[in-house]
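**Q**
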Ligand code: T1G
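In my numbering, the protein residues as written are 359 to 1052.
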């Protein structure tokens, strides 16, 4: 066997000179992550600059799409390799010559911490800066929680470390996070800046600055005020609180002590389940974009014009996604009144966004100018992609796709926004099944990030590639689903709804079941969700036909929040309260069905609703209706608000332990009766001690 030759890692850090300025360049695609080789190279370069009298200043820059975008997340969980990032940042800060960071792209996490170790920071105006560690269940662990408040101020630091949101170069300059915004050749400007400051002494070290901590020192109450203001947003997450504590330490203690608190808080998070779940999810989201079994060189079709059939809630929301991305939309309706209503709703939605400062009036007009309302079906003919968003009835869909087949130009993609129906059956009425795909948006379609791309048996590879690429362009997270009733998300919702409704008859209340789900971390429980979406969704509209609790509620006009009555009663501020009438209806049904009511434990609710979802997810996997378990997790986090700090249903099942899930389902077997059957994949994995997600 030939000796395994340890291929030397190419040093991604190189140095060059411009006069007496040393230029340190990182070339570590795709995002200049601060992996071991980069860290080693940076320390070596700074030590070289320190010891070389011919060097009077240093510029640190990156090749490629961005300045350092953070620590190398793929290194997490592996044995640490020296030098670790805090050492690198301290080495830069303690350099005897001024070091200037030249920032483009996204200086994120450890990347911003490296920039904070530099004495000066210049950036192009398109650059963005942030500390997204909190999204990984972490905190900036290389001095960021101590330096950022000293440079940008405590309030800004709190907002950045707990939201993980990026700030623009302009915003960063306004708070003092960068020293100069430059136009044109970044390197040239950075070198010029270095030459300007080459003789400045003492060097401005972020860790030694104090002036911006004074207000918080005088008024430490700002931390608890910040906690209170954001309590709802941070509910269930560990990392935001740890970040706040680290910034509190920066205010209360000298840097050398505060940075020890930061390290301890960082290690506490890193060893916890939540950061493992959120790091898993970071890669899960990116993996979802990859379609198995399609040649990498498959080219997408050009989509320059989109047609939407239906200007209702879904059609309008769908249209807005494309308009906001600068893609013209022709929206078709059957009559002028529906068309005017639909376009009016779109405009009002944009204006509401603008009133919150998230859009300018000019952007609203630009988006609306791209919209062409029409009553002429044939006006859709020139579109490259059509999305049908009409009534959820197969006959209606078939009629539309039959017409589209006659009208649309060759190569146009014909998509249905159906939530449940069979894409293959719809495709079969056309002469071009290869051009048919499901694009299942989630309501409200202009807000929810999830898009299920439903792959028909005959859907062409380039149609799928086009859908995935378009999803990214309209800022959606796309997941490929197979053709089955409810695809991935709604299919898993069904056993949850079935068991939750049965639990009502058996003795649980809507508020108990919803409380268990909200305490678990869901934004709302099954019955709160039903009231929000509408109890009458999918109702047969015959008030004399009462076969279940929902029929009974719908028959009495208890259609949910929109009627101030559903599973709950609502006041005029839509605040819910338990409804005695609903309890009467439940009790009547239980009596009619001879169900003996009993106390239901919270644990049983978890087993009957969440464990059954996992079981359904396993069936989706074994039937090939999802490409991978992590895709199912992406669907539930982005489509239904599953708490990302639990990774998603399948990751969570692994942390619960699949044997525990199987045992829990077995314990409920009798209660669940014929509504339930085990996934063989779940049983096999539990038996073998395997996991779904790693
Ligand atoms: N480490 C390793 N790989 C990374 C990475 C990272 N930090 N960031 C991105 N990648 C990979 C990603 O997996 C994908 O790989 C490819 O790069 C393109 O990414 C101590 C502890 C920078 C805004 O959280 O936000 O610093 O799929 O598809 O849409 O305090 O990537 O091609 O094989 O997302 O152009 C903090 C995470 C780390 C930044 C670019 N930093 N990255 O977006 O491309 S923790 C982050 C992003 C830390 C220190 C702490 C985005 C991006 P592949 P992409 P993009």
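Just so you know, even glycine gets a beta-carbon here, dropped at the ideal spot from N, CA and C.
This one's a predicted model, so the numbers in the text were calculated from it and none came from an experiment.
Does the separation of the CB atoms of residue 1020 and residue 987 fall below 7 Å?
**A** no
**Q** Span of the alpha helix (DSSP H) holding residue 468?
**A** 468 to 475
**Q** In or out: residue 834 buried (at least 16 other Cβ within 10 Å) or exposed?
**A** buried
**Q** May I ask which residues mark the beginning and end of the alpha helix (DSSP H) holding residue 944?
**A** 938 to 950
**Q** Is it a yes or a no for the stretch 501 to 518 touching the stretch 455 to 466, going by three-plus beta-carbon pairs under 8 Å?
**A** no
**Q** Quick check on the DSSP output: the alpha helix (DSSP H) that includes residue 744 runs from which residue to which?
**A** Element bounds for residue 744: not the alpha helix (DSSP H) but the beta strand (DSSP E), 743 to 746.
**Q** Nearest-angstrom Cα distance between residue 788 and residue 993?
**A** 29 Å
**Q** Kindly indicate which three-state DSSP category residue 493 falls into: helix, strand or coil?
**A** Judged by DSSP in its simplified three-state form, residue 493 adopts helix.
**Q** Residue 496 to residue 384, Cα distance in whole Å?
**A** 25 Å
**Q** Three Cβ pairs or more, each shorter than 8 Å: is that satisfied between the stretch 947 to 955 and the stretch 913 to 931?
**A** no
**Q** Give the DSSP bridge partners of residue 918, in chain order.
**A** 923
**Q** State the DSSP-derived secondary structure class of residue 996, mapped to helix, strand or coil.
**A** Three-state result, residue 996: helix.
**Q** Does DSSP put residue 418 in a helix, a strand or coil?
**A** strand
**Q** Any idea what DSSP makes of residue 521, helix, strand or coil?
**A** helix
**Q** Cα separation between residue 330 and residue 379?
**A** One cannot answer for residue 330 here, as it falls past the ends of the chain, which runs 359 to 1052.
**Q** Name the two residues that bound the continuous beta strand (DSSP E) containing residue 380.
**A** According to the DSSP assignment, residue 380 belongs to the beta strand (DSSP E) that extends over 379 to 384.
**Q** Please classify residue 362: is it buried, with 16 or more other beta-carbons within 10 angstroms of its beta-carbon, or exposed?
**A** Its pLDDT being 49, under 50, residue 362 is placed unreliably by the model, and the measurement read from it follows with that caveat. Classification of residue 362: exposed, given that the 10 Å Cβ count is below 16.
**Q** Is residue 484 near ligand 1, in the sense that its beta carbon is under 6 Å from a heavy atom of that ligand?
**A** no
**Q** DSSP state of residue 774, grouped into three classes?
**A** It is a strand residue.
**Q** Could you spell out the range, first to last residue, of the alpha helix (DSSP H) harbouring residue 669?
**A** In this chain, residue 669 is not harboured by any alpha helix (DSSP H), its DSSP state being neither H nor E.
**Q** Just curious, the beta strand (DSSP E) that residue 796 is in, first and last residue?
**A** 794 to 799
**Q** Tell me, which residues are paired with residue 732 by DSSP?
**A** Residue 732 is bridged to 690.
**Q** Taking only runs of the alpha helix (DSSP H) that begin and end inside the stretch 575 to 637, which ones reach a length of at least 4 residues, in chain order?
**A** 579 to 587, 589 to 592, 597 to 610, 613 to 628
**Q** So, using beta-carbon positions, are residue 772 and residue 794 closer together than 7 Å?
**A** yes
**Q** Leaving out five residues before and five after residue 1058 in sequence, what residues of the same chain have Cβ atoms less than 6 Å from its Cβ?
**A** This structure cannot speak to residue 1058, because the chain is shown only from 359 to 1052.
**Q** Indicate whether the contact test is met: 3 or more Cβ pairs, each with one atom in the stretch 597 to 607 and one in the stretch 967 to 981, closer than 8 Å.
**A** no
**Q** The alpha helix (DSSP H) with residue 903 in it runs from where to where?
**A** Neither: residue 903 is in no alpha helix (DSSP H) and is coded neither H nor E.
**Q** If we ignore side chains and look at the alpha-carbon of each, how far apart do residue 801 and residue 731 end up?
**A** 21 Å
**Q** Hey, is residue 644 close to ligand 1, as in C-beta under 6 Å from one of its heavy atoms?
**A** yes
**Q** Rounded to whole angstroms, how far is the Cβ of residue 803 from the Cβ of residue 672, which I believe are closer than 8 Å?
**A** 6 Å
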